[in-house]
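I have placed the structure first, in the form of structure tokens, so that the comments after it can refer back to it.
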Amino acid sequence: PLNAIVGFSGILASTDEEEEKQEYVSIIENNNTLLLQLISDILDLSKIEAGTLEFQYSNIDLNKMLNELTSSLQLKIKSEKVQLTCHPAEENCFIHTEKNRLSQLLINLISNAIKFTTEGYIRFGYELRGKEIYFYVSDTGCGIPKDKQKSIFGRFVKLDTFSQGLGLGLTVCRLIASALGGTIKLDTNYSGGARFALSIPLR
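Read in our numbering, the sequence shown has 1475 at position 165, and its numbers run on one by one without any break.
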């Protein structure tokens, strides 16, 4: 992304066509976002390993948080052929957790689904299962090849060499889920796309 930002900034300064300028500005903005995400992932990974990543627990309205995520992530979907929907299991659900880290986990998973889904749906929600709360994100995207399923949470593992990102997002998800006392896994029996499941203690 840094190469794109530097390169297109130079081109932008030398063009007079308004349409071309807008196209280059859009490319620069997209790569700015990507670069910030990459830096954030690397910093989070370093903080987790150093034991300095902050966790501030509080009581939250889970359904309200998920509705807010739906509204913000809807803006990332560029195709009318993809539908993003949220499916809460309870009419009201208040839990004690780390809101920012839980949001980060779900945003990473849903953003991945958006990246690899060109048509169909992306669904996410939760269920209460005994002393755990079970979150899921499923899509009708390209799915995870069998040879990548066991290593998908490893560092620098990417489905597509040409896709954006460093392949650290799922690694960060796994480590944060563990720090929350939970687990995250890929449903290898899910067909037609990918389905990730996140379980954390229900408080």
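Think of the CB as a built atom: it goes at the ideal place given N, C-alpha and C, for glycine as much as any other residue.
For clarity, every value in this text was computed on a predicted model and none was experimentally measured.
query	result
Beta carbon of Thr1427 nearer than 8 Å to that of Thr1450	yes
Beta-carbon gap between Glu1339 and Tyr1367 smaller than 8 Å	no
Rounded straight-line distance, which links the Cα of Phe1445 to that of Leu1508	5 Å
contact_flag[the stretch 1343-1357, the stretch 1478-1486] where n(CB pairs < 8 Å) is 3 or more	yes
With 16 other Cβ atoms within 10 Å as the buried cut-off, status of Val1447	buried
Under the three-state DSSP convention, the category Ile1405 falls into	strand
Sequence-distant residues of its chain with Cβ nearer than 6 Å to Leu1372 (five each side left out)	Cys1403 and Ile1405
Limits of the unbroken beta strand (DSSP E) element including Lys1495	Thr1493 to Leu1496
Own chain residues within Cβ distance below 7 Å of Gly1464, not counting five before or after	Thr1481
Local conformation of Leu1490 per DSSP, three classes	coil
Check whether Gln1459 and Leu1496 have beta carbons under 8 Å apart	yes
Same chain only: Cβ atoms within 6 Å of Lys1386, ignoring 5 sequence neighbours per side	Ile1424
Unbroken stretches of the beta strand (DSSP E), 3 residues or longer, contained in the stretch 1370-1448	1392-1397, 1404-1407 and 1430-1439
Helix, strand or coil at Leu1508 [DSSP, three-state]	strand
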